[in-house]
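Visitor: Below are the structure tokens for one structure; questions will follow.
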Amino acid sequence: MVPLLYFQLLGAALFGIGLYGALARRSAVLIILSIELMLNAVNINLIAAASYLNGIGRFAAFDGQIIAIFVITVAAAEVGLAFAIILRMYRNRGTINVDEINILKW
Amino acid sequence: METGLTTNLHLLTPEFALTALAFLVFTVDLFLPERSKEWLAGLAAASLLAVIAVALLMRPDQSAELYGGLMVVDGFGLFFKIFFCAIGLGIIALSVEYGRDRLQHRGEFYGLLLFSILGMNLLAMSRELLTAYISLELLSFSLYVLVAYGLREARSNEAGIKYIIIGVLSSAIMLYGLSNIYAALGTTYFTEIAADLAAPGDASPVLWVGIALLVVGLGFKLSAVPFHMWAPDAYEGAPLPVTAYLAIGSKAAAFALTLRLFAEAIVPAAARWDEWQLVIAVLAAITMLAGNLVALAQRNLKRLMAYSSIGHVGYALAGIAVLGSDFALAAKGVIFYLVVYAVTNLVVFAGITAYYNREGKDNIADLAGMADRQPFVAAAIAIGLFSLAGLPIFAGFTAKFYLFAAVADGGMLWLAGVAIFTSLVSLYYYLQVMRQMYIERPAHAEHNVAAHQEHAEHDNIHQHAAHDEPDPPIPPLQRPSILLTATMGIGLLVVVWLGIYPAPLLTLIETASAAILPLG
Amino acid sequence: MMANFDQVSLLLLVLVPLAGAVLTMFLPKDRPRDAWQFAIFVAAISFVISVVVFLRYDYAAAGVQFQREYAWIGHPLNISLHLGLNGIGAPLVLLNGIVLLGAVLISQTITRRTRDFFVLLLALGAGVYGVFIVRDLFFLFFFYELAVLPMYLLIGVWGSSTDFGTFLRTKEYGAMKLMLVLVAGSVLIWIGILALYVASSQAGEPTFNIDKLAQLQQNGAVSRITELWVFPLFAVGFGILAGLWPFHTWSPDGHVAAPTGVSMLHAGVLMKLGAFGIIQVGMLLTPQGAEVWMPVLIGLGTVNVIYGAISALSQNDLKYVIGYSSVSHMGYVLMGIATLHPVGLAGAVLQMFSHGIMTALMFAMVGAIYERAHIRDSFILNGLIKRMGTTTFFFAIAGLASLGLPGLSGFIAEFMVFTGAFRTYLPLAVLGVIGAAITAVYILRLLARSFFGEADPQWEHLTDASPVEKGVGGAFVVILIAVGVWPAPLLNVINTGVASALSVF
Amino acid sequence: MQLALFIIVAIFTIGGALGVVATRNVVHAALFLLLSLLGAAGAYLLLFAEFLALVQVLIYGGAVTIVVLFAVMLTRSSEYPRITDNRQWPLGLITALVLSSVLGAAFWLTPADADAERKAPVFTDLASSLFTKWALPFEIASLVLLVALIGAIIIARQQNVVVTDDTSPEGED
Amino acid sequence: MPLAFLIPVFSFAACPLIILFQRWLPLRGAPLAILAIAGGFVVWILATVGFLAASADHPACDVSPITHALTCHFTTTWFDAGVPSEIITDSIHLNWGMLIDPLTIVLLGLITFVALGVQLYSLEYMKGDPRFGWYYAWQALFVAAMLTLALADNFLLLYIAWELVGLCSYLLIGFWFENPGPREAAKKAFVVTRIGDVGLLVGILLLWVNVGSFSMTEAFAAAASGQLSDGVITASAILLLLGAMGKSAQFPFHVWLPDAMEGPTPVSALIHAATMVIAGVYLVARAYPIFAASPEALMVVASIGLVTALGAATIALVSTDLKRILAYSTVSHLGLMMLSLGALGWTAAVFHLMAHGFAKALLFLGAGSVMHGVGAHGDVDIRRVGGLRRAMPLTAAAFSIGALSLGGIPILSGFWSKDEILLAVSHNLPVIFIVLTMLTVFLSALYMARAMFVVFFGTQGEDSHHAHESPILMTGVLSILAVLAIGFGWIAFNWPGAFDGFGTFVFYDHAEGFHFNVVLGVLSILLAVGAFALAWLVYVRRTLSIQSWRARFAPVLRVVENRYYVDETYQWVIDRVVLTVSAALAFFDRAVVNDVGINGPADVVRKAGIALRLHVTGHVYTYALVVALGVIALAIFWWLRSV
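Protein chains in written order, with my numbering: chain A, 2 to 107; chain B, -6 to 513; chain C, -1 to 503; chain D, 5 to 177; chain E, 118 to 760.
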């Protein structure tokens, strides 16, 4: 019997790892990938709650799963748009290293 | 749940219309030759006017739920709808000349603008977290694109990258918060959240953390410190009209969401649970402080305006912090402040755009001698800045006074004190801009002055009065475009009018805030 | 007809210069003389109104007169444009009418961006009128800030920098400092106002109305603790504008950098706003705090007197001498206020009036000299009386008034301040009298050094005051003497104001 | 049994994620991401959310990973193996650890609901919920996708651009 | 008698009229001033007649319970300051008022008479001066203020007039302001007297605090009735004395008076000999009820008077400038008056005030005549003129009468008044006082004799070859004054049937008839005559040489010739202390109060901004990190607060 907590902890861990990636990586692409991990953590959280708690209290109709669908959609769109901008950056400046993307500062 | 799905969809007419018109813009764009793209601006403006017209026909004193409570059409939403559309009109006015000279894909530009306004409108009506989130994303996505719209400019690309990375990160955090709230309560409806919060019983840590994460997401959108760091970069890098849009529109939309979220989800539980007030107050305080202090050290005008807007966000947040005590007063204060802030900033940005269109420069030092070269624009910027600094007879003074009185009345006099002090700080950097425009002379006029000073050198003490100096010839700039002049002119009238007689607007705001007045 | 006029007179007092400022904006840009003449027209109207208002103020009836209330923002802030004039405001309204007209006339020498100059100057005048005639804290603050607002540009654009050899005091610095320090003062005021509003709100009658707040205070709605910390906010906040030590340094630098007309108006009238605020807001609304803090205030006032006078002693620049002398003289005003004594307070108000005229006259005359000699160093200027006899005469009269010569207005005022202070804080009063003696030293030194004596050939080209300057100077001299000889008309009005101001204690 | 499956899924998910944030090679990172996403899909299956698992595999595993790989190739970032971590990675590590501990602790400390047991949704219910109750967000989401699409096209479209690298005139002060 | 207020009003009116219309008036308006003062003189006569005829049943008059002299009082409201509130009851009600008593009467007479003479005299003396009109304007203003001073019935009015005469003194000393001498002297006069005035004002206010009124009579009544504590009485007396010392050039405030001789000589005669400088003595005399209530204060008055009298006499003896000799002589005699007041010799002091006033005016005008005659406009070095009696017989005669009178030669007025003083001193003060007073009397006669003999007798001086007698207007004035210098003293006697003597008219507390102490009288006659004889031997006959004396006392002489270094001390204090402090304070103001106190916080804020902006590093991962930290902070804070 796997309790809900395990899934939630899995989500939290995934979120943390994603966050680490977002904080530590140098490549803009990898940062975006890391954030995708965080979004996955959200999904796990949502789906787990929906699955375990449906019918209890206000939980109804597996809304969590529906929300997860939206999250996935938006995440995909985000990836697409982010990569478009990164690509433009690469064409203009020849780099996607966020260390070098710092004309704008202070 | 399914009842009422189709019964009152007509209430969403403005949104449907806006969607359709946005598509129309995209479509027309395909057929218009490059030199005629300005028509799209007209089309977009006409769309916004139409939406305003439709919205004006609707009853602000009634409230109707749509889609089983995902959305509500009420006075608050209507007010903000009109407000956002008006902002959109202003931004279009700012964009026409700038876009013609400096942007590609103007058709899509206006289309995206309309979509983002649609997102804002929906945001103001949302009553449920997911809907709010998706609306917010509609706005954000448009903004990501618009910020990066200066395709050939390295600064614009960089702004886009930073904006989207931090934006996506924040949305991930916000979604996690949403998931936590869902996991704790099983619902994402504002009113149900409020009901659960107010209900007696042990609070679960998951919920608190969830709400905290949600606030972080809002904080990003509001650019509240410490979630503000993208803002200066995005403002500086973005094309000028987009900067203005970020400063005005995106902030206003985020506050609309914040107001409704707090009003409907959190304030009703304030009696049982009020520590959020302190959290928001602290956020507000550090936002004002950081924004205004860092602004002191800026040399780029757009960046300065970014930090300045962060400071202003701090003031408005202070109003949010006291929503729990006298809701009507605080909400009115915040909304009034937002309107005034928007109008004033529009004037300032119109001025900056007018100058940029001619000179192509946006550093503060580049404004030197502006008062001689574009007197009206300089005056408009000056009045705008005075208003932002909170000096009478301009709207900024009245709005700040109203808001800070509300903050003080809400039991946070210390916060009002910090706000007032940081207003003083802000005056310093606004005056620096003023100094460049009115007192300093442009670099190429400098040698005349230097020669004059040398001439006076033989006295052991000499004073060089302004009136002694022969005016070095400074070529006046070509007049700003009519659209910009009109924007500034109308904006200034509003700024002065609101500064002298804000009562009518306050009546409107009264209606808007009454719609979200928590009953509890 | 006059009764009807009374209904609107106060409103007109603000609206006339404000409308004048707006209309001036639409004058043609390239005709500076038109702008000047129009500004004279506006200032003259407002002067006439101020005289009429002063004369129509019925001191026998006392209290707040010509009251009108225009609703502005409703519940819960309950702000209304509540106009009303009391015995303290009335002479100051008159003062502003006089000095504004004088300043506009003197500003004939402004040739650069003349139109903009008068727009700002008239706006400044409107703000000052406003402060003196409103009975609502919001609007008091509104007009207070309005009066500060134009200063930056007025000094920055039309001012002058001073080179001390070892360091430079630029007009930009002067303007910025003046603006920031004054607004820093208004930060404190603002907080104080909000604190009072909160108190009234907690008492169930949220209001910004001064009279209602005073009533609430009398009913005990404001706690003693609140008053204890709010009064210093008002005292320092308004005090900054009144040149309170150690926040006075904006005053010499600012006044020196400012163009003549602005110096006149600012030193002559604006500094009085601060003192007026302390009386009208600080003392009236937080009397318990005032009573506790007054020893400190009178101490600082005394420091002002002595410190300003001694600092003036070693200044070489004519305008700096006047600047520090203003600091010193405003010290008397602060002392008089802090006595909380009818005579001392009346003396303070009279000193405001007297100092306003006197310092405006001095700035006008120094401006006339600077206009011609392009220098203000008292070591380089000499024998001015030869070429600029009338200017010297007027300056000397103003100087004598400032050193407290009987027969001129300054004496009566200082004397009354001393009287009040003797009753309450005797040792400090003695110091104040000594300060007056020091004033004599620097004024006489200045007169001897720069005005009397044999003129250098380099000053052969100087010409005496223009007819306009003579007219303004002569009028001011007449006022100085008239008030000095027969102060009763002013004092009758002031006494009633002072009596009501002290009735809360 | 369930637990074992969960552990496997967790190892996939976490391991993949660690791979994404640890590898020096961008292409590898993309593949690790795929691994992690598939692990997550496995977790969805364990939660009886088959539809979500499907969506996850199709959209993420397919579309997103492919987009990533395109991006990697177009930006030739695979040629930069040195692109690994920036200087603040230790701080990032601590921060991430603390944050996930806080999140985890919040779950840990929240009392579990005794009735909690996994339930499987009925597909049709899910669908009808999506298109009735959630119709509005659905419509808005479509607009979001549209905006992303248009934006991506505008921004990424190849042009003969002259880059004005107007390096910030801010100066190095 | 109520018309007495007209006495100053004429002159007050004349001043602005002359200033404004001098360009169009004949003689630049001088006749206006003279007419005004002549009018004042006429009114004075009328008022005096009225006063002499009045008695205690006159509605405005009463016999003062303190001075026991007939005192008349006329007031009108000037202004009110402050309205009493319920808690604080005091306010001030100010009057323009006249207090007419014998002291006022005689003083008004002196002022109007001498002023009239001086103004007539000035017609000639100042002829051709480019600022002739201004001269008369200031003269008129001065006279008006001086008369007001004498008439004032309250301290405030007195103070006002007091300051105004100071102003006129300033203007008239510095009349030739082109030259540095007059300019500096004027400034010095104003500033030094102003220092004394601080004391005066403080004293007045101190009285007000304790009496509650500025009225003199009320103050006196309070002092006499013991309503005031001794401390207050002494303090206010000393403070009033400070003012008196400044005006009457008492040590250590005497330094301005000799310098004031830079002004036109008629000014010296009027202001710095006969009228303004006696204001201090007048003040002490007027406020005598206060002084009388405090023996300590009286002792101080006497001591100051004595020190001044003796010191100034010694300096006068060694000065070489004619006007300076006269100036120090004035200082010395003012000291004698003070001494007399301190010795309860009130009548003697007033009497000497009058006698000295006429005589000294005469001497100054005589000196002016000399200067006019030899064509000097600044200093007259007595070593360079001499034997003028042939060229200027009338002047010589007049001057000699004045000198003899002040020197204390019997039957001339100075003798009688001085004698009264000696009497008072010997009666009421320790013996050292009378000894030193005698010495002063001797010195006084000696320097007068020296000046008289050197200038008019003896050998022809190098500057006096072209000397000529002054015009009739000047000599006429001299003659009239000379008559007074001779005869004024005689009013001290008891003239049976006509007049009971000065002491029965002008007195404090009790009338006293004429009395004469034979011992003192003989002693003073011997001293005076001896002094004149000595001077005659030394300066005219030259049978006695003073060279050996000069050599023997060279160090002392140097000290005296340098006027005891008082001026140097002042100069040092001003240069080294005041100006240094002032410069230091100005620097402190700029560098500390402004640059640190005001700029400092602003700089801190600005620097904070500059430092803070570095947090926006430009690296997106920093932004993300800060967001994450914010998340943690917010989450933990929120959580902890909620538990």
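All C-beta atoms in this analysis are idealised placements derived from N, C-alpha and C, irrespective of residue type, glycine included.
(1) Thinking C-alpha only, which one of HIS353/C, VAL228/C and VAL46/C is nearest LEU519/C?
(2) So which of GLY61/B, LEU36/B and GLY70/B has the shortest CA-CA distance to ALA48/B?
(3) If you follow the beta strand (DSSP E) that ARG501/E is part of, which residue opens it and which one closes it?
(4) Specify, as a first and last residue, the run of the beta strand (DSSP E) that LEU11/C falls within.
(5) Could you check the C-alpha separation between LYS270/C and SER385/E for me, to the nearest Å?
(6) Whole beta strand (DSSP E) runs in the region 193 to 279 of chain E with 3 or more residues, listed along the chain?
(7) Measuring only the C-alpha atoms, how far is LEU134/E from ILE355/E?
(8) Measuring alpha carbon to alpha carbon, tell me which residue in ALA170/E, GLY422/E, GLY504/E and ALA402/E is nearest ALA584/E.
(9) Quick one: which residues of the region 715 to 747 of chain E get their C-beta closer than 8 Å to a C-beta of chain A? List them in chain order.
(10) Within a Cβ cutoff of 8 Å, which residues of the same chain sit near SER135/B, ignoring the five residues on either side of it in sequence?
(11) Which first and last residues belong to the alpha helix (DSSP H) in which MET366/B is found?
(12) Looking only at C-alpha atoms, which of GLN278/C, GLY95/C, PRO485/C and ALA427/C sits nearest to VAL50/C?
(13) In the DSSP assignment, what residue or residues form a beta bridge with TYR68/C?
(14) Quick check on ARG140/E: buried or exposed, where buried means 16 or more other Cβ atoms within 10 Å of its Cβ?
(15) Using a C-beta cutoff of 7 Å, does ASP706/E count as contacting chain C?
(16) I'd like the ranges of any alpha helix (DSSP H) spanning at least 4 consecutive residues and lying wholly in the region 192 to 252 of chain B.
(17) According to DSSP, LEU59/B sits in a beta bridge with which residue or residues?
(18) Helix, strand or coil, according to DSSP, for PHE387/B in the structure here?
(19) Taking only three categories from DSSP, how would you classify TYR405/E?
(20) Excluding the 5 residues preceding and the 5 following LEU215/B in the sequence, name in chain order all residues of the same chain whose CB lies nearer than 6 Å to its CB.
(21) Would PHE559/E be called buried (16 or more neighbouring beta carbons within 10 Å of its own) or exposed?
(22) Give the straight-line distance between the Cα atoms of ILE303/B and THR280/B, rounded to the nearest whole angstrom.
(23) Any idea what DSSP makes of ALA444/B, helix, strand or coil?
(24) Identify the contact partners of ARG89/A in chain D, using a Cβ-Cβ distance below 8 Å as the criterion.
(25) Under 7 Å, Cβ to Cβ, is there at least one residue of chain E near TRP201/B?
(26) Using a Cβ-Cβ distance cut-off of 7 Å, determine whether ALA145/D contacts chain B.
(27) Give the interface partners of THR17/D over in chain A, defined as CB-CB distance under 7 Å, in chain order.
(28) What's the C-alpha gap between LEU757/E and TRP138/D?
(29) Suppose only complete runs of 4+ residues qualify. What are the alpha helix (DSSP H) ranges in the region 306 to 344 of chain C, listed by chain order?
Guide: On the basis of the coordinates in this document:
(1) In the structure as shown, chain C begins at -1 and stops at 503. Residue 519/C is therefore absent and cannot be evaluated.
(2) Taking the first residue of the second sequence as position 1, residue 48/B is located at position 55. The alpha carbon of ALA48/B has as its nearest neighbour, out of GLY61/B, LEU36/B and GLY70/B, the alpha carbon of GLY70/B.
(3) In the fifth sequence, counting from the first residue as 1, residue 501/E sits at position 384. Note, ARG501/E: premise wrong, no beta strand (DSSP E); not H, not E.
(4) As a working note, residue 11/C is residue 13 in the third sequence. That residue, LEU11/C, is in no beta strand (DSSP E); its alpha helix (DSSP H) goes 0 to 23.
(5) As a position in the third sequence, residue 270/C is number 272, starting the count at 1. As a position in the fifth sequence, residue 385/E is number 268, starting the count at 1. Each residue's CA atom was taken as its position, placing LYS270/C and SER385/E some 44 Å apart.
(6) Here the runs fully enclosed are 209 to 217.
(7) In the fifth sequence, counting from the first residue as 1, residue 134/E sits at position 17. In the fifth sequence, counting from the first residue as 1, residue 355/E sits at position 238. Going by the C-alpha atoms only, they are around 40 Å apart.
(8) The residue you call residue 584/E lines up with position 467 of the fifth sequence. Closest in C-alpha terms to ALA584/E, from the list ALA170/E, GLY422/E, GLY504/E and ALA402/E, comes GLY504/E.
(9) Close to chain A, meaning a Cβ-Cβ distance shorter than 8 Å, are the following residues of the region 715 to 747 of chain E: ARG730, LEU731, VAL733, THR734, GLY735, HIS736, VAL737, TYR738, ALA741, LEU742 and ALA745.
(10) On the second sequence, residue 135/B is found 142 positions in, with the first residue counted as 1. If you ignore the 5 residues before and after SER135/B, its C-beta comes within less than 8 Å of the C-beta of LEU105, LEU106, PHE108, SER109 and GLY112, all in its own chain and listed in chain order.
(11) Position 373 of the second sequence holds residue 366/B. Looking at the sequence provided, one finds Arg at residue 366/B rather than Met. The continuous alpha helix (DSSP H) containing ARG366/B extends over residues 363 to 366.
(12) For the purposes of this step, residue 50/C is taken as residue 52 along the third sequence, with counting starting at 1. Residue nearest to VAL50/C within the set GLN278/C, GLY95/C, PRO485/C and ALA427/C is GLY95/C (criterion: CA-CA distance).
(13) The count along the third sequence starts at 1 and reaches residue 68/C at position 70. As a beta-bridge residue in DSSP terms, TYR68/C pairs with LEU79/C.
(14) Counted from its first residue, the fifth sequence places residue 140/E at position 23. By the neighbour-count rule (16 or more Cβ atoms within 10 Å), ARG140/E is not buried but exposed.
(15) Locating residue 706/E in the fifth sequence gives position 589, where the first residue counts as 1. Yes, ASP706/E lies at the interface with chain C (some Cβ there is under 7 Å from its Cβ).
(16) Counting whole runs of 4 or more residues, the region 192 to 252 of chain B contains the alpha helix (DSSP H) stretches 198 to 215, 223 to 230 and 233 to 238.
(17) On the second sequence, position 66 is the one that residue 59/B refers to. Residue pairing from DSSP places LEU59/B in a beta bridge opposite MET64/B.
(18) One-based indexing of the second sequence puts residue 387/B at position 394. Per DSSP, reduced to three states, the secondary structure at PHE387/B is coil, with no helix or strand assignment.
(19) Here residue 405/E is taken as the residue at index 288 of the fifth sequence, counted from 1. Here DSSP, grouped into helix, strand and coil, assigns TYR405/E to helix.
(20) Locating residue 215/B in the second sequence gives position 222, counting from the first residue. These residues qualify, in order along the chain: ALA247 and VAL306.
(21) Numbered from its first residue, the fifth sequence carries residue 559/E at position 442. PHE559/E sits buried, since 16 or more C-beta atoms from the chains shown fall within 10 Å of its C-beta.
(22) For the purposes of this step, residue 303/B is taken as residue 310 along the second sequence, with counting starting at 1. For the purposes of this step, residue 280/B is taken as residue 287 along the second sequence, with counting starting at 1. Computed Cα separation, rounded: 7 Å.
(23) As a working mapping, residue 444/B is identified with position 451 in the second sequence. For ALA444/B, the pLDDT reaches just 44, beneath the cut-off of 50, and the residue's location in the model is therefore unreliable, leaving the point undetermined.
(24) What you label residue 89/A is simply residue 88 of the first sequence in a count that begins at 1. Around ARG89/A, the beta-carbon contacts reaching into chain D at under 8 Å are ILE159 and ALA160.
(25) Position 208 of the second sequence, counted from the first residue, corresponds to residue 201/B. Contact with chain E is found for TRP201/B, since one of that chain's Cβ atoms lies less than 7 Å from the residue's Cβ.
(26) Taking the fourth sequence and counting its residues from 1, one reaches residue 145/D at position 141. When Cβ-Cβ separations below 7 Å define contact, ALA145/D makes contact with chain B.
(27) Working through the fourth sequence from its first residue, we reach residue 17/D at position 13. Proximity of chain A to THR17/D at the Cβ level (cut-off 7 Å) is accounted for by LEU11 and LEU15, in chain order.
(28) For the purposes of this step, residue 757/E is identified with residue 640 of the fifth sequence, where counting begins at 1. For the purposes of this step, residue 138/D is identified with residue 134 of the fourth sequence, where counting begins at 1. Their Cα atoms are separated by approximately 35 Å.
(29) Runs found: 316 to 337.
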